[in-house]
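Chains as they are written, first to last, in the UniProt record's numbering: chain F, 1 to 380; chain A, 1 to 284.
Please read the structure below before turning to the comments.
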Ligand SMILES: Nc1ncnc2c1ncn2[C@@H]1O[C@H](COP(=O)(O)OP(=O)(O)O)[C@@H](O)[C@H]1O
Ligand SMILES: [Mg+2]
């Protein structure tokens with residue numbers, strides 16, 4: 001948690017107590033728009049109080065899934081249930097779900113406080129109580145004292161804070177966020193990321209957070225659900241997703257990934273950059289030429305050996321570029337076959353390999369994913 | 001400093017336009033006032049007097065003013081309601097092409113008043129035409145050249161005007177607002193009551209006021225259809241000015257014209273702030 005942030009507003013303890021997380025289940029969701037299959041058998045379960053990030057490339061069906069959960073759209077097939085109760089056909093107004101949209105969703109003719117008080121007002125809560133709640137929630141989202149401002153007097157980040165407060169004001173059972181930070185500057189985005197996470201944990205509210213930004217997903221979520229072409233590819237904790245991607249798609253989509261040429265030399269073993277490594281997951285047949293997926297931090301470098309240039313040293317290459325990242329430096333190496341590899345080294349070590357120097361790649365001796373060379377997009 | 005310099009620069013750019021407006025609009029208004037407060041005596045010498053204005057608010061001229069106001073109010077209400085419903089239907093439709101077509105057509109139709117419209121009714125649809133004979137069956141006393149006739153004809157150019165002024169506002173209503181209201185537990189009715197309605201109100205009122213003004217200032221249609229038998233301020237001005245009997249009549253015409261300008265000016269004074277408010281909400 002951010003240590004410089006003020007202690008959580010005391011009044012929110014009572015709010016948190018009233019908001020017990022509930023489990024959310026999406027199962028077998030199908031949705032087509034004409035010929036476009038937006039969802040093709042999508043399943044996902046959220047444990048009570050959990051924040052799951054729904055991650056995937058643009059157009060893979062994230063928004064469609066979220067809108068079905070919120071009740072703005074109905075699936076052709078499949079169910080949405082909350083705490084075990086099926087609410088697929090329940091109207092959106094009765095679902096008790098708080099939604100934060102990508103942008104521009106505040107009512108422009110109402111002040112920040114009136115926006116936050118909108119839900120309570122529909123629930124016939126008196127204006128004094130509404131104002132008190134609005135003040136409390138605005139303080140919680142870091143907008144204390146700005147309740148009187150209109151949306152057009154607020155920055156994009158401030159508007160999203162108010163939108164979050166508005167969603168929380170109805171004490172929703174589930175919080176849904178559809179790329180709420182994507183329209184903001186990088187700096188505001190980072191800050192709001194932490195705050196959303198803090199508030200979500202404070203309330204213990206089950207949350208589905210849609211994003212196409214893998215860094216955002218990995219840094220905020222309890223689990224990340226990677227989506228591809230309308231269905232779930234893998235759902236796992238960030239570290240597991242990063243270290244043990246279930247499919248080549250996940251491996252390539254999450255984090256930076258090298259694709260090194262290799263060959264299967266015996267069942268479960270691959271030869272790459274002059275080394276033999278165990279293959280993780282499904283292994284192509286012996287003799288197959290493969291792409292071996294290795295993270296930049298799992299690649300080390302050594303000054304080129306004397307026999308550089310011989311057929312045997314497939315891992316030999318030349319440093320093309322050095323990108324300083326702070327504690328580490330990313331070295332881009334051009335290999336003998338013309339492909340490039342990225343290796344992250346501690347910065348003090350990276351300085352041993354200036355641009356232009358000849359090096360050998362040294363993959364860390366860990367299990368790796370290997371996919372058939374011919375078809376990068378084949379299912380893992 | 002740089003800021004105030006910039007401001008001056010911006011003003012400098014509109015200065016020629018302001019100058020043009022001052023001359024093109026200011027001078028005629030000044031002339032109206034100047035002529036309106038004078039009247040010639042028996043010797044043809046002009047004197048300052050308020051008698052023109054006094055006359056312009058009495059007798060037949062008062063009748064004309066009241067009848068103009070009544071016609072404008074009636075046609076503006078009809079056109080605002082019909083136009084708003086039409087604009088809503090258009091805004092809901094998916095087709096971009098349809099929307100473009102309707103906007104273009106409205107642009108033309110809103111300026112369709114006057115002789116072309118009257119001609120369209122009298123010649124094309126005809127005094128014995130299908131539309132009119134059908135209307136006459138339902139409404140035996142109906143005639144084009146009467147007050148009722150004008151009430152039927154005016155919306156033909158006022159409804160498109162209403163569509164033109166409210167369609168941008170309806171288009172500006174974002175889907176997120178409706179969904180946010182629903183998500184917070186609101187019914188369709190509550191959305192319109194607390195969100196859609198208040199957001200549309202300025203544009204709808206503005207459109208209504210504009211229709212009122214356009215109806216009030218319309219001259220050619222009324223003239224062509226009724227040949228001046230329906231007492232309206234605009235037709236009275238024309239007959240007073242074209243009568244060229246006495247010089248006093250000219251001064252009276254100026255006073256009547258000034259009254260019209262004041263009414264339309266009041267309408268604009270109501271309309272402009274409404275439009276500004278609507279734009280602030282819907283275009284940010
Ligand atoms: N209302 C709609 N009408 C037609 N096609 C739609 C509609 N909503 C979504 N789609 C299509 O469904 C696919 C998934 O869309 P979406 O769920 O918005 O993706 P994402 O949010 O992951 O970017 C896209 O190909 C999109 O064009
Ligand atoms: Mg989306």
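Where is the CB? At the ideal position from N, CA and C, for every residue including glycine.
Please decide whether residue i counts as near chain A, where near means a Cβ-Cβ distance under 8 Å.
| i | result |
| --- | --- |
| residue 171 (chain F) | no |
| residue 398 (chain F) | The structure shown does not extend to residue 398 (chain F), since chain F is modelled only from 1 through 380, so no value can be given for it. |
| residue 177 (chain F) | no |
| residue 308 (chain F) | Residue placement at residue 308 (chain F) is poorly supported in this model, since its pLDDT is 49, which falls under 50; the coordinates still yield a value, given next. Chain A contact via Cβ: absent. |
| residue 134 (chain F) | no |
| residue 42 (chain F) | no |
| residue 393 (chain F) | Chain F is shown from 1 up to 380; residue 393 (chain F) falls before or after that span and cannot be answered. |
| residue 119 (chain F) | yes |
| residue 72 (chain F) | yes |
| residue 92 (chain F) | yes |
| residue 361 (chain F) | no |
Could you tell me whether the Cβ atoms of residue i and residue j are closer together than 8 Å?
| i | j | result |
| --- | --- | --- |
| residue 26 (chain F) | residue 206 (chain F) | no |
| residue 163 (chain F) | residue 134 (chain F) | no |
| residue 293 (chain F) | residue 226 (chain F) | no |
| residue 381 (chain F) | residue 92 (chain F) | Nothing about residue 381 (chain F) can be reported from this structure: the residues present for chain F run from 1 to 380 only. |
| residue 44 (chain F) | residue 232 (chain F) | yes |
| residue 106 (chain A) | residue 99 (chain A) | no |
| residue 177 (chain A) | residue 105 (chain F) | yes |
| residue 169 (chain F) | residue 270 (chain F) | no |
| residue 54 (chain F) | residue 208 (chain F) | yes |
| residue 278 (chain A) | residue 76 (chain A) | no |
Would you report the Cα separation of residue i and residue j, rounded to the nearest angstrom?
| i | j | result |
| --- | --- | --- |
| residue 36 (chain A) | residue 218 (chain A) | 22 Å |
| residue 201 (chain F) | residue 364 (chain F) | 36 Å |
| residue 29 (chain A) | residue 258 (chain A) | 8 Å |
| residue 189 (chain F) | residue 182 (chain F) | 8 Å |
| residue 26 (chain A) | residue 153 (chain F) | 37 Å |
| residue 149 (chain A) | residue 222 (chain A) | 9 Å |
| residue 198 (chain F) | residue 273 (chain F) | 44 Å |
| residue 29 (chain F) | residue 64 (chain F) | 10 Å |
| residue 83 (chain F) | residue 58 (chain F) | 30 Å |
| residue 16 (chain A) | residue 193 (chain A) | 45 Å |
| residue 170 (chain A) | residue 153 (chain A) | 26 Å |
Would residue i pass as an interface residue toward chain F - the criterion being a Cβ-Cβ separation below 8 Å?
| i | result |
| --- | --- |
| residue 180 (chain A) | yes |
| residue 198 (chain A) | yes |
| residue 205 (chain A) | no |
| residue 185 (chain A) | yes |
| residue 174 (chain A) | yes |
| residue 195 (chain A) | yes |
| residue 19 (chain A) | no |
Taking C-beta pairs closer than 8 Å, name the residues in chain F that residue i reaches, listed in chain order.
| i | result |
| --- | --- |
| residue 239 (chain A) | What residue 239 (chain A) touches in chain F: nothing, since even the nearest Cβ is about 47 Å away. |
| residue 345 (chain A) | Limits of chain A in this structure are 1 at one end and 284 at the other, which puts residue 345 (chain A) out of reach. |
| residue 190 (chain A) | 122 |
Return yes when at least one heavy atom of ligand 2 lies under 7 Å from the C-beta of residue i, else no.
| i | result |
| --- | --- |
| residue 75 (chain A) | no |
| residue 178 (chain F) | yes |
| residue 62 (chain F) | yes |
Comparing the CB of residue i with every heavy atom of ligand 1, is any distance shorter than 7 Å?
| i | result |
| --- | --- |
| residue 182 (chain F) | no |
| residue 329 (chain F) | no |
| residue 38 (chain F) | yes |
| residue 101 (chain F) | no |
| residue 33 (chain F) | yes |
| residue 58 (chain F) | yes |
Listing by chain order, which chain A residues have their CB less than 9 Å from the CB of residue i?
| i | result |
| --- | --- |
| residue 298 (chain F) | Correct list: empty, because the minimum Cβ distance to chain A is about 43 Å. |
| residue 105 (chain F) | 174, 176, 177, 179 and 180 |
Give the residues of chain F in contact with residue i, contact being defined as C-beta atoms less than 7 Å apart.
| i | result |
| --- | --- |
| residue 280 (chain A) | 152 |
Using a Cβ cut-off of 8 Å, pull out every chain A residue sitting near residue i, in sequence order please.
| i | result |
| --- | --- |
| residue 99 (chain F) | 179, 180 and 183 |
| residue 53 (chain F) | Ordered by position in chain A, no residue passes the 8 Å Cβ test against residue 53 (chain F), which lies about 20 Å from the chain. |
| residue 126 (chain F) | Under the 8 Å cutoff, chain A gives no residues; its nearest Cβ is about 17 Å from residue 126 (chain F). |
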